[in-house]
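*Asks:* Protein sequence lines correspond, in order, to chains F and Z.
Under numbering that gives the first Met the number 0, the letters of the first sequence match residues 0 to 347, in that order.
Under numbering that gives the first Met the number 0, the letters of the second sequence match residues 0 to 409, in that order.
Note that the Cβ used here is the ideal one computed from N, Cα and C, for glycine as well.
Here it is, the structure in full.
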Amino acid sequence: MPPATGSSTKKRPKKKALVARPFDPSKRVVAVTGANGYVGSDLILRLERQTGCSKILAIDVRKPSIPVHKTQFHKIDLTMPTADADLAAIFRRESVDTVVHAAFLSAPTHAAAWAHELESIGTMHVLNAAAEAQARKLILWSQTVVYGAHPLNPNFLTEDHELRGNPRSRFVQDKVEAEKQVRRFARENPDTIVTTLRTAPTLGPTIRNFATRFFSRPMAPVLMGFDPLMQFVHEIDALDAFEKAVVEDHRGEFNIVGDGVLPYTTILAMMGKIPLPLPHFLAYPLSQALWATQIFDSPPNFLDFLRFLCVADGEKAKREMHFFPRYDIKQIIADFLGVEPQPAFEGA
Amino acid sequence: MSKNILGDDPFGTGATPAGEAAPPKEANRKSKAKPKKPASAKPPSAPTTETEAATSAIPTPESDFIDVEVDDAPASAGPGVDSDSYGPSIDHEPSLPERLREEVNHIEERVLERLHLRRPERHPGDGAARQPLPLEFFWRRWSKLAMRDRSDVVDEFGRDPNVAAKMEPLLEFLYHNYFRVQASGLGHIPDTGRGLIVANHSGTLPYDGAMIMHAIKHESPTGRSMRPLAEDFVFYMPYLGVLMNRIGAVRACPENAERLLNQDQLVAVFPEGIKGIGKLWRERYRLQRFGRGGFIKIALRTGSPIIPTAVVGAEEIHPMLTKISWLAKSFGIPYLPITPTFPLLGPLGLVPLPSKWYLAFGEPLYFHSEYGPDAADDRILVNKLAEQVRQKIQEMIDALLKQRKSVLFG
């Protein structure tokens, strides 16, 4: 008996005995913020099938329209000033052990102030609640755009590369801020397993985000003389990574990317898009005007991603998470278009 | 309608799909048609060629159904025809068989036209032939057109084999006819495994990297491909950066160099960097400082032999008299070169002077086996080794210069 008590005290050297229920890997309780987004809702669907997951808390302002059995919906607006207290109360009542923070926008919005409240302040609320409820694990959804497109980027950005972001884009900067907060949280709460998954631009037949919208149009702008390499990740692979992060324990930051890169204009040619060549010194003001008049949904600084490299290295996820993407870039494109790979694509 | 049929077909003769709603119904109403039905209804449902597929959804008028039935048939096939007339949309992709049918119909028409043959007769109910071709079709054509001079596979650093092959004749011309490059010491290039080629840099535009690449690929017995590391400013510039990237150049940074060397590739670095390429005429063939010795650190860390290489002749292709930095900032380039021809003759001034070139590859230096990978953190040693390599290359340059009599004729 003495060794048993000794081990139990060693296991939880917590200040408060708030978490009454010890962690049981066969009875996980997972809270998913941003349950209405594609990451949130698809992850809930997958966790529904996981036998090791006893309860899922879906947190959003709108109920996700997916068939669920063990999912509870909690309506919490992360932009509200007391969202952290509400979240903490729920986390503690349901003794949540894993928090998946996916309440991020998948496309830039003109409501920049609201987006900032949701992404940056909302992350603060989630982190406060997770710290208060002593969650065992926190998983953050981030994107490889946080590295920023820059001519001085190496061809493959590793996880420890600085997050240059894009100083003029709130969409990117809010995510960088969220990542910085999560890093601080990881330092302050060494007992919590903090996983950050940075997904490359995600394409797939069922999801809607900025990338799918961009590549659904018949035309696409091309900055004359610039043709950066691009990479994607398939929605199934991205969700695989999230599921893996929930079920297994992996600390740290991981780039979740598909294999292979292709030049931007080759991607357009494969997809059968009509390129719209523009000199870059005209494209930026034009894009600024279209964005300001709300005609077009892409802010001008996104043109940087059509101009310079922003390709992340997926080696760490392969090595440590054993995450091997199933779709390479050509298969991702073919699946996004809804076609089998065409013979015409094979060279010649 | 289909509910009725499912209930009324006790014989299971309706092995045809539920889409063929009319035949079983008729079969039940008029029992005399029953024995004939399999014969008439089967052929459309059997796997037909693509051209027939357009009509297969509708029972053929030749089958011995009464007129009422024939009128009914197009109505039942109505939705299928309708959905075609919506035309293409971005969200709704027509299924693969539909598109294939369109394409095959079109090709068939064109072939028949070409051969002056009779057009295939189409049934009045078959509206598919009259439909305008979907935009999707043209997209696909465009896609094929757009892909014609590029390959759909680039390696992970962006080299496109098709573009590289296209540039080959130009490099060949420059190498043999224009600069008349004479290479020596090609035997020092390792047959397999990694290697770091360290060369002097000159010539305002990075022709030297391309010539070294070409020499190793076509003149050396190994025939290996080599990746030159290019300065940052190249990647700020439109067209130049993309072109160099497609034929194999990679941005010079430690991460890229280490990744390439760890894949056992040949890598060329120009440690003088921007200072070397932008040397003035009066400074020619005087090697500049070799950066901060980053290439030594990489060679030590990755265990790569260093192959010192001298390039003579490249200094004279764009004899730079002076350079203007303040104006160049607005163009995103490090400096604006002033050569006897460049701003004066406009783009014509970008044509390099046809000087005679010499390349010399020196004996490999195996620093990593001498000092080990940990020596990369020893700053003083790194600087010493960098200086050693610099002197070695300077000696090779001086030797080549001594035997050269004329800039243009060697």
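Here's a check: name, in chain order, each residue in its chain whose Cβ is nearer than 7 angstroms to the Cβ of H187 (chain Z), leaving out the five neighbours to either side.
*Replies:* I306, F360, G361, E362, P363
*Asks:* Given a cut-off of 9 angstroms, decide if S201 (chain Z) and V103 (chain Z) are closer than it, judged by their beta-carbon atoms.
*Replies:* no
*Asks:* Starting from the beta carbon of M212 (chain Z), find every residue of chain F whose beta carbon is closer than 7 angstroms, and list them in chain order.
*Replies:* Here the premise fails: no neighbours, minimum Cβ distance about 18 angstroms.
*Asks:* Which chain F residues are close to V241 (chain Z), counting only those with a beta carbon under 7 angstroms from its beta carbon?
*Replies:* G224, F225, D226
*Asks:* Spatial neighbours of K296 (chain Z) within its chain, please: CB distance less than 7 angstroms, with the 5 preceding and 5 following residues excluded, ordered by chain position.
*Replies:* Excluding residues within five positions, the ones whose Cβ falls inside 7 angstroms are A375, V381.
*Asks:* In chain order, which continuous runs of the alpha helix (DSSP H) of length 4 or greater are located wholly inside the segment 258-287 of chain F?
*Replies:* The alpha helix (DSSP H) runs lying completely inside the segment 258-287 of chain F and spanning 4 residues or more are 263-270, given in chain order.
*Asks:* Going straight from the alpha carbon of R140 (chain Z) to that of Q330 (chain F), what length do you get?
*Replies:* Taking the straight line from one Cα to the other gives about 20 angstroms.
*Asks:* Kindly provide the ranges of any alpha helix (DSSP H) runs that are 4 or more residues long and lie completely inside the segment 230-318 of chain Z, ordered along the chain.
*Replies:* 231-235, 239-245, 253-261, 273-276, 293-301
*Asks:* How close, in whole Å, do the beta carbons of A130 (chain F) and G33 (chain F) come, if the pair is a contact with beta carbons under 8 angstroms?
*Replies:* Actually they are not in contact, since the Cβ atoms of A130 (chain F) and G33 (chain F) sit about 19 angstroms apart, beyond 8 angstroms.
*Asks:* With three or more C-beta pairs closer than 8 angstroms as the rule, is the segment 119-130 of chain F touching the segment 75-87 of chain F?
*Replies:* yes
*Asks:* Can you tell me where the beta strand (DSSP E) with I353 (chain F) in it begins and where it stops?
*Replies:* The question about residue 353 (chain F) has no answer, for chain F in this structure spans 0 to 347.
*Asks:* Name the chain Z residues that come within less than 9 angstroms of F103 (chain F), Cβ to Cβ?
*Replies:* Going along chain Z, no residue has its Cβ under 9 angstroms from F103 (chain F), so there is no contact; the nearest lies around 24 angstroms.
*Asks:* Can you grab the Cα-Cα spacing for the pair F362 (chain F) / R258 (chain Z), in whole Å?
*Replies:* No answer is possible for residue 362 (chain F): it lies beyond the span of chain F, which begins at 0 and ends at 347.
*Asks:* Go through the segment 30-91 of chain F residue by residue and report every complete run of the beta strand (DSSP E) that reaches 3 residues or more, in order.
*Replies:* For the segment 30-91 of chain F, whole beta strand (DSSP E) runs of length 3 or above, ordered along the chain, are 52-59, 70-74.
*Asks:* What are the residues in the segment 248-270 of chain F lying within 8 angstroms of chain Z by C-beta distance?
*Replies:* From the segment 248-270 of chain F, only G259, V260, L261, P262, T264, T265, L267, A268, M269, M270 have a Cβ closer than 8 angstroms to chain Z.
*Asks:* For M123 (chain F), collect the residues of the same chain with a Cβ closer than 8 angstroms to its Cβ; drop the 5 residues on either side in sequence, then sort them by chain order.
*Replies:* D83, Q180
*Asks:* Would L44 (chain F) and I58 (chain F) be called neighbours here (beta carbons separated by less than 9 angstroms)?
*Replies:* no
*Asks:* Please list, in chain order, the chain F residues whose beta carbon lies closer than 7 angstroms to that of N261 (chain Z).
*Replies:* The premise fails here: N261 (chain Z) is roughly 11 angstroms from chain F at the closest Cβ pair, so nothing lies under 7 angstroms.
*Asks:* For W141 (chain Z), return the contacting residues in chain F, with the cut-off set at a CB-CB distance below 9 angstroms.
*Replies:* A268, G271, K272, I273
*Asks:* Give the DSSP-derived three-state secondary structure of P12 (chain F) in the structure shown.
*Replies:* Any answer about P12 (chain F) is weak, because its pLDDT of 47 lies below 50 and its placement is not dependable; what the coordinates show is given next. Coil at P12 (chain F), not helix or strand.
*Asks:* Could you tell me which whole alpha helix (DSSP H) segments of length 4 or greater appear in the segment 345-393 of chain Z?
*Replies:* Secondary structure in the segment 345-393 of chain Z: the alpha helix (DSSP H) runs of 4 residues or longer, each lying completely within the stretch, are 366-370 in chain order.
*Asks:* Kindly indicate which residue of F:T205, F:R61, F:I332, F:R250 has the alpha-carbon position closest to the one of P189 (chain F).
*Replies:* F:R250
*Asks:* I think T338 (chain Z) touches P318 (chain Z), with their Cβ atoms under 8 angstroms apart; what is that distance to the nearest whole Å?
*Replies:* 6 angstroms
*Asks:* Taking only beta carbons into account, state which residues of the segment 141-163 of chain F come closer than 9 angstroms to chain Z, listed in chain order.
*Replies:* P150, L151, N152, P153, N154, F155, L156, T157, H160
*Asks:* What does DSSP give as the partner residue(s) for S141 (chain F) in the beta ladder?
*Replies:* F:R197
*Asks:* Among Z:R223, Z:L343, Z:F232, Z:K383, which has the Cα closest to the Cα of D263 (chain Z)?
*Replies:* Z:R223
*Asks:* Which residues in chain Z sit within 9 angstroms of K329 (chain F), going by Cβ to Cβ distance?
*Replies:* D151, V152, listed in chain order.
*Asks:* Looking at P150 (chain F) and D231 (chain Z), is the spacing between their C-beta atoms short of 9 angstroms?
*Replies:* In this structure, D231 (chain Z) sits near P150 (chain F), with a CB-CB distance shorter than 9 angstroms.
*Asks:* If you check the beta carbons only, do F231 (chain F) and A199 (chain F) fall under 9 angstroms apart?
*Replies:* yes
*Asks:* Have a look at L173 (chain Z) and A214 (chain Z) and give me their C-alpha separation to the nearest angstrom.
*Replies:* 11 angstroms
*Asks:* For the pair the segment 168-188 of chain F and the segment 278-298 of chain Z, tell me if three or more CB-CB distances fall below 8 angstroms.
*Replies:* no
*Asks:* Taking only beta-carbon atoms, is M236 (chain Z) less than 9 angstroms away from chain F?
*Replies:* yes
*Asks:* Out of curiosity, what's the CA-to-CA distance linking P419 (chain Z) and L299 (chain Z)?
*Replies:* The first residue shown for chain Z is 0 and the last is 409, placing residue 419 (chain Z) beyond what the model contains.
*Asks:* Can you tell me where the beta strand (DSSP E) holding A219 (chain F) begins and where it ends?
*Replies:* 218-222
*Asks:* Between which two residues does the beta strand (DSSP E) containing P446 (chain Z) stretch?
*Replies:* Absent from the structure is residue 446 (chain Z), since the part of chain Z shown begins at 0 and ends at 409.
*Asks:* What residues from chain F crowd round F156 (chain Z), counting only those whose CB sits closer than 7 angstroms?
*Replies:* N154
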